[in-house]
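Below is one structure, written out as structure tokens; comments come after it.
Numbering (our numbering), first residue to last: 5 to 294.
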């Protein structure tokens with residue numbers, strides 16, 4: 005059974021981002037060149053007016069993994085984005101001084117973010133993404149597809165099917181840690197600050213089986229000091245990967261950041277799993293799965 009509850013998608017509305025400086029992974033540290041395949045993604049309407057921004061991971065030379073609520077329909081608008089552009093710079097990503105909120109990228113000869121300097125692609129959400137976070141199975145996964153291959157950034161590896169279940173069975177939830185990477189907010193209250201910079205942090209698994217997760221989502225702690233270190237995500241980290249190191253020592257993408265329960269970015273956060281059949285069936289249209 006699906007339930008609609010007052011949960012908050014972690015994307016950042018672009019007009020807000022344009023007038024207020026924003027940070028990345030909460031309590032994290034600059035990623036530098038640690039994850040060059042993870043980028044800052046801006047989504048646009050049919051007139052190329054920026055709508056919002058998210059985080060995404062290159063999973064092939066022509067496919068970027070992100071959240072469905074980044075790539076798909078927004079019920080408030082009544083439509084979804086028509087275009088997307090991604091920057092792989094670790095940041096801070098400079099804003100074009102000629103651009104202002106609500107202005108189309110077609111209206112001037114822009115040379116920088118959020119209108120130029122990145123890779124343009126087509127956003128595609130899971131076909132069952134409705135625009136609402138109908139938990140537990142929200143189908144909150146999407147991609148950006150590029151016509152030309154991006155070969156300079158490396159490729160993120162997807163986890164194998166059932167990876168998280170096997171991990172939880174083997175280790176339990178206690179002290180099971182993950183890495184989160186994104187370009188989102190550093191804080192919401194009392195001030196919002198940021199640099200459009202890629203940040204990395206550490207989070208701890210809370211559970212995979214609850215009313216809000218039920219095998220489709222992963223709940224993890226986003227408070228500082230939980231587990232063995234700081235970390236956590238906030239708005240704008242939407243679509244950013246939750247990473248785990250597998251038995252072969254490779255960092256793999258287990259899920260994409262999806263929603264939080266409050267506007268303070270405190271407590272638990274939730275990511276939508278990409279190691280489950282529903283997500284894998286969608287992704288198999290675009291990439292070869294492990």
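C-beta: ideal position from N, C-alpha, C; glycine also. The model shown is predicted, which means the values in this text are computed figures rather than measured ones.
I'd like to know whether the C-beta atoms of residue 220 and residue 276 end up nearer to each other than 8 Å. yes
How is the beta strand (DSSP E) around residue 72 delimited, first residue to last? Segment 72-75 is the alpha helix (DSSP H) holding residue 72; no beta strand (DSSP E) there.
Assuming residue 99 and residue 123 make a contact with CB atoms under 8 Å, what is their CB distance in whole Å? Their Cβ separation, rounded to whole angstroms, is 18 Å, which puts residue 99 and residue 123 out of contact at 8 Å.
Where in the region 257-287 do unbroken runs of the beta strand (DSSP E), each at least 3 residues long, occur, reported from the N-terminal end onward? 272-277
As assigned by DSSP and simplified to three states, the class of residue 48: strand
With a CB to CB cut of under 6 Å and the five nearest residues on each side skipped, what residues in its chain are close to residue 59? 186, 187, 241, 243, 244
Evaluate residue 261 with the Cβ neighbour count: other Cβ atoms within 10 Å of its Cβ, from every protein chain shown; 16 or more gives buried, anything less gives exposed. buried
For residue 209, does the three-state DSSP call read helix, strand or coil? strand
Going by other Cβ atoms of all chains shown within 10 Å of its Cβ, with 16 needed for buried, is residue 283 buried or exposed? Burial is judged here by how many other beta carbons sit within 10 angstroms of a residue's own beta carbon; residue 283 has at least 16 and is buried.
Contacting residues, own chain, Cβ-Cβ under 7 Å from residue 102 (five flanking each side not counted): Answer for residue 102: 112, 114, listed in chain order.
Compare the beta carbon distance of residue 149 and residue 66 with 8 Å and say whether it is the shorter of the two. yes
Work out the CA separation of residue 62 and residue 92 for me, nearest whole Å. 10 Å
Does residue 32 pass the burial test, meaning 16 or more other C-beta atoms within 10 Å, or should it be called exposed? buried
List the DSSP bridge partners of residue 126. Partner(s): 149.
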